[in-house]
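A.B. asks: One structure follows; several queries about it will come next.
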Amino acid sequence: MDTWIYGICLALGLLFSLFSAILGHVFGGDGEIGTGGHAEAGMADSGLPGVSFFSPTVMAAFVTAFGAAGLIFSRIEATRSVWISAPLAAASGGVIAALTFWFFNTMFRKTQASSEARVAQTIGLTASVITPIPADGVGEIAYVVANTRYSAPARSEGGVPIPAGRTVTIKRMVGGVFYVEPIKPESSP
353 MDTWIYGICL ALGLLFSLFS AILGHVFGGD GEIGTGGHAE AGMADSGLPG
403 VSFFSPTVMA AFVTAFGAAG LIFSRIEATR SVWISAPLAA ASGGVIAALT
453 FWFFNTMFRK TQASSEARVA QTIGLTASVI TPIPADGVGE IAYVVANTRY
503 SAPARSEGGV PIPAGRTVTI KRMVGGVFYV EPIKPESSP
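Residue 501 in my numbering sits at position 149 of the sequence shown; the count goes up by one each step and never skips.
What follows is the structure in structure tokens.
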């Protein structure tokens with residue numbers, strides 16, 4: 353009976369992997385709704401690209417390896433008992449799943465790049481005011497992150513007007529608007 357279970361796991365894992373590879377690009381697998389705007393949702397992925405340990409790819413690797421290792425261990429005289437072959441097959445599946453997880457995360461981490469600056473990268477940066485910021489209004493600033501120049505709407509942190517050309521420090525961001533504070537010029541002796 354255990355041979356059947358291992359065989360079914362091996363077959364299902366292989367079929368899932370095969371169908372995912374073939375059909376994964378047929379239907380697109382994604383959706384886009386053109387609503388515009390920008391939203392930063394926080395630390396859901398810690399800013400790291402990659403796959404989850406519970407992704408279908410990693411789980412398929414586990415099921416396939418569990419089935420294959422179970423079939424192998426159930427054929428060896430010393431590990432023929434289900435009480436020995438099942439834990440060994442589970443451990444083998446875990447190792448293969450962990451290697452799959454590591455491989456894809458390493459690959460994605462090395463290949464992912466973003467042209468968009470994260471909010472955490474901008475807080476504390478200096479910027480230039482390119483459109484004057486009225487006392488209780490919105491102006492525009494320009495700042496540089498990773499050698500790329502960005503512009504964004506900005507308000508004065510203290511509610512004071514800031515003229516164009518002035519250097520400011522980015523203090524925080526609320527709803528897509530940066531709050532900035534003018535840098536006090538150094539007094540000359």
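Beta carbons: idealized from backbone N, C-alpha and C, even for Gly. From a predicted model like this one, the values you see are computed outputs, not experimental measurements.
Pick out the complete alpha helix (DSSP H) segments inside the region 436-510, 4 residues or longer, and give them in chain order.
C.D. replies: 471-474
A.B. asks: What are the start and end residues of the alpha helix (DSSP H) that includes R524?
C.D. replies: No alpha helix (DSSP H) contains R524, which is instead part of the beta strand (DSSP E) from 519-526.
A.B. asks: Between S369 and A412, is the Cβ-Cβ spacing less than 8 Å?
C.D. replies: yes
A.B. asks: Using beta-carbon positions only, say whether A472 and Y495 come within less than 8 Å of one another.
C.D. replies: no
A.B. asks: DSSP has S534 in a bridge; who is on the other side?
C.D. replies: Per the sequence shown, residue 534 should be read as Pro rather than Ser. DSSP lists V520 as partners of P534.
A.B. asks: By a C-beta neighbour count over all protein chains shown, 10 Å radius and 16 as the cutoff for buried, is F405 buried or exposed?
C.D. replies: exposed
A.B. asks: Using 8 Å as the Cβ pair cut-off and three pairs as the minimum, do the region 510-527 and the region 483-497 touch?
C.D. replies: Touching, per the Cβ criterion.
A.B. asks: Quick one, which of I482, D488, I522 has its alpha-carbon nearest V497's?
C.D. replies: I522
A.B. asks: Compute the distance between the beta-carbons of T416 and L366, then report whether it is under 8 Å.
C.D. replies: yes
A.B. asks: Give the DSSP-derived three-state secondary structure of I514 in the structure shown.
C.D. replies: Three-state result, I514: strand.
A.B. asks: Give the straight-line distance between the Cα atoms of V434 and I357, rounded to the nearest whole angstrom.
C.D. replies: 11 Å
A.B. asks: What separation, rounded to the nearest whole angstrom, lies between the Cα atoms of V512 and V532?
C.D. replies: 10 Å
A.B. asks: Would you call S444 buried or exposed, if buried means 16 or more other Cβ atoms sit within 10 Å of its Cβ?
C.D. replies: buried
A.B. asks: Leaving out the 5 sequence neighbours to the left and right, which residues in its chain are closer than 6 Å to A449 when beta-carbon positions are compared?
C.D. replies: V410, A413, F414
A.B. asks: Please list, in chain order, all residues of the same chain as M525 whose beta carbon is under 6 Å from its beta carbon, the five residues on each side excluded.
C.D. replies: V471
A.B. asks: For T355, is the classification buried or exposed, using 16 other Cβ atoms within 10 angstroms of its Cβ as the cut-off for buried?
C.D. replies: exposed
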